[in-house]
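Below is one structure, written out as structure tokens, with a few remarks after it.
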Amino acid sequence: MFFETVRLALSSIRRNALRSFLTLLGIVIGVGAVIAMITIGNGTTQKVRADISKLGSNLLTVRSGQPALPGSTGAKARDFVQKDVSALKANQTNVKAVSATSQKSQRIVYGTESLTATVTGTDPDFLIVRDWLITEGRIFTDQETRGGIAVCVIGETVRKQFFGTGDPLGTIIRVGRVNCPVVGLLEPKGTSGFGQDQDNVVLMPLEAFQRRVSGNNDVQTIYVSAEDASSPSEVQSRIELVMRDIRKIGTDEEDDFNVRDQAQMVTAMTSTMSTMTGMMSAIAGVSLLVGGIGIMNIMLVSVTERTREIGIRLAIGAHERHILTQFIVEATVLSLIGGLIGIALGLSLAALASYLFAIPFQPSLSVILMAAGFSAMIGLVFGFFPALRGARLDPIEALRHE
Amino acid sequence: MPAPFIAFTDLWKSYGEGEARVNALAGVNLTINRGEFVAIMGPSGSGKSTAMNIIGCLDTPSEGTYSFAGLDAGRLDRERRATLRNHYIGFVFQGYNLLARTSAIDNVELPLIYRGVGRAERRLRAEEALELVGLSDRVTHTPAELSGGQQQRVAIARAIVTKPTLLVADEPTGNLDTARTYEIMHLLARLNEDNGLTIAMVTHEADVAQYGRRIVKFVDGKIASDDVIHRKVA
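As you go down the protein sequences, you meet chains A and B in turn. All residue numbers for the first sequence refer to our numbering, where the first residue is 1 and numbers rise by one. All residue numbers for the second sequence refer to our numbering, where the first residue is 1 and numbers rise by one.
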């Protein structure tokens, strides 16, 4: 009996293939979006985790301000200045390296070619804290760093764009309005967990960056690399003490900066990620609701169109529940098909994204099953009212229907 | 004396309220015994269709009683009447009322599906019914591929596949030409004679009515005449 009903539903859906497909679009888009979102989100989270753990647990990141919490004023805290950095460098034990950085997205020109890259003003210790290597040439000398001399170390993407197979060392590129000789080439790092090309970078001495690119004395991020044997949390509290002191923060005042180790970075990023996924899923949920209403609409049309058929069925002895089941199964099968197409679409999108942004493809079986179940449920819920309308028809009236 | 198979007792059926109230049936008394072939005639609006709907348990009386096979069928709820129709009553309509784009055999099987008969037995019984109406060679044809007469024979097969005790036919030959009418009426007469099937048939054609054994004429919601007739054909 149930098999008959499903067969009946399928043949009725096939009979109105175009109409059924259009009805399904809402469900397809909704389910597709959710699946793509969650799958990409999972992959990204995994990639971010891997990236961050690659940096090692002994890297501490010092940023100004406090992480924005829901309901916080989000008031901008003071950026760091060179004084803060010097204080950190002077007052540390168990620390391998301290590196101050500022970043800006900037147009880079060489000859007739140009591209937009992340320009980072920093010091030689940047390579230590970020565990990065120079493959050709050198990093800036201490003299260049202190003197604020504009020299550049470029990432792989920049090299490829400008020099192809040629040798970049010694050539002069233009960073914003600054002419800058290339002195070194960075080891390729690939794409980050957020799909950012980590090799699309130009490093230059912080002084030179502040004076000639950013135009201010701010230091955005200070990286502190603790000694391997030391305890990061001890180093972290030490940093907090030093910073509170140098930034003259009263005992009753809160920190206007934050220090995080990599585990905390992972947590912060994962939570950002899941907030984003959640928001996107909510939007996709609206699409599912609209899809459900579409199904209800088309089922009402279907019931009206088939009034006579319902009349025949009732006359020859179908019970209300038979008609009810018939149309609910039809709506459920319809929306389940939409869900399955959506799952296929979402997974394809996620696979494409993982290919494009070099993140792992992480389909989750539980999410897929949930999406399938949810789409079937939409059919069940939104198919119920039209089905009930069909089942409650008066057989005599229904038979008279043209 | 056993209770009659079908009995209307002072049966009324009204539509509308107050001033607009119309009595489709106004105090009808009628009995039909098992094995009878009754033709019901009358002008439109005479109440004959209403009477047929009540006989077929599709409708219920406003007042009075309708007894079917000893049951107070006029007081049964919708679902019970559906069961009754499924088990004891077969329907043949003027417009055939087959499911479109559905093969003859699937159409014939339909009542058995609602009765919960298994697939293999359904197929067997549907084939038997189609054979009885002479359509063994058309089982997989859809209504669109069948002539009007053939469609009506599929409808008859569907009506008798449940082995009902009553066949309700509403203008069964209304859409057919003379030759097809003859075929269909012969088939019905044979089912009545050979299988003892009770038939109640609405028609407005006098020569079609002649195939019955009894003609009941309705006028203005009442029975105007009720005559036993001689069979036109043996």
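Cβ coordinates follow ideal geometry from the N, Cα and C atoms, glycine included.
Beta carbon proximity, residue i to chain A, threshold 9 Å
i         : result
Glu-79/B  : yes
His-87/B  : yes
Asn-53/B  : yes
Arg-101/B : yes
Asn-175/B : no
Ala-3/B   : no
Arg-34/B  : no
Thr-162/B : yes
Ile-199/B : no
Tyr-15/B  : no
Pro-239/B : Only positions 1 to 234 of chain B appear in this structure, which leaves residue 239/B out of reach.
Arg-123/B : no
Phe-91/B  : yes
Leu-11/B  : no
Asp-226/B : no
Ala-82/B  : yes
Gly-56/B  : yes
Leu-187/B : no
9 Å Cβ cutoff met for residue i and residue j
i         : j         : result
Gly-317/A : Thr-203/B : no
Asn-216/A : Thr-157/A : no
Val-133/B : Ile-160/B : yes
Leu-409/A : Val-153/A : Outside the shown range of chain A (1 to 402) lies residue 409/A, about which nothing can therefore be said.
Glu-207/A : Gly-137/A : no
Ile-215/B : Val-38/B  : yes
Glu-234/A : Asn-94/A  : yes
Ile-396/A : Leu-58/B  : yes
Gly-338/A : Ala-33/A  : no
Ser-287/A : Gly-26/A  : yes
Ser-86/A  : Gln-220/A : no
Arg-15/A  : Arg-101/B : yes
Gly-311/A : Leu-393/A : yes
Ile-108/A : Phe-162/A : yes
Ile-239/A : Val-224/A : yes
Three-state secondary structure (DSSP) of residue i
i         : result
Val-219/A : strand
Gln-148/A : According to the sequence as given, residue 148/A is Gly; it is not Gln. Gly-148/A falls in the coil class under three-state DSSP.
Ala-69/B  : coil
Leu-84/B  : helix
Leu-99/B  : coil
Thr-157/A : helix
Val-303/A : helix
Leu-25/B  : strand
Ser-114/A : strand
Ser-271/A : helix
Thr-5/A   : helix
Thr-135/A : strand
Phe-126/A : helix
Ser-354/A : helix
Glu-63/B  : strand
Ile-316/A : coil
Phe-91/B  : strand
is_contact[residue i, chain B] using C-beta, thresh 9 Å
i         : result
Ile-446/A : Nothing in the structure corresponds to residue 446/A, since chain A is present only between 1 and 402.
Pro-70/A  : In this prediction, Pro-70/A scores a pLDDT of 47, lower than 50, which makes its location untrustworthy; the coordinate-derived value is nonetheless stated afterwards. No, Pro-70/A does not count as interfacial toward chain B.
Leu-399/A : yes
Glu-4/A   : yes
Glu-305/A : no
Gly-390/A : no
Arg-19/A  : no
Ile-312/A : yes
Arg-49/A  : no
Glu-330/A : no
Ile-13/A  : no
One or two residues paired with residue i in a DSSP bridge
i         : result
Arg-115/B : Answer is none; Arg-115/B lacks a bridge partner.
Val-216/B : Ile-40/B, Asp-226/B
Pro-181/A : Ile-172/A
Leu-30/B  : Phe-8/B
Thr-120/A : Gln-103/A, Leu-203/A
Heavy atom of the ligand GDP within 8 Å of residue i beta-carbon
i         : result
Ile-173/A : Questions concerning the ligand GDP fall outside what the structure shown contains, since it holds no ligand whatsoever.
Could you name each continuous alpha helix (DSSP H) segment of 4 residues or more that falls completely within the stretch 175 to 214 of chain B, going from the start of the chain to the end?
178 to 195, 206 to 209
- [ ] Could you pull out every unbroken beta strand (DSSP E) segment of at least 3 residues lying fully inside the stretch 187 to 267 of chain A, listed in chain order?
- [x] 201 to 205, 221 to 226, 257 to 261
What are the uninterrupted segments assigned as alpha helix (DSSP H) that are 4 or more residues long and contained completely in the stretch 23 to 111 of chain A, given in chain order? 82 to 90
Can you check the stretch 132 to 181 of chain B for any beta strand (DSSP E) of at least 3 residues that lies completely inside it and give the ranges in chain order? 166 to 170
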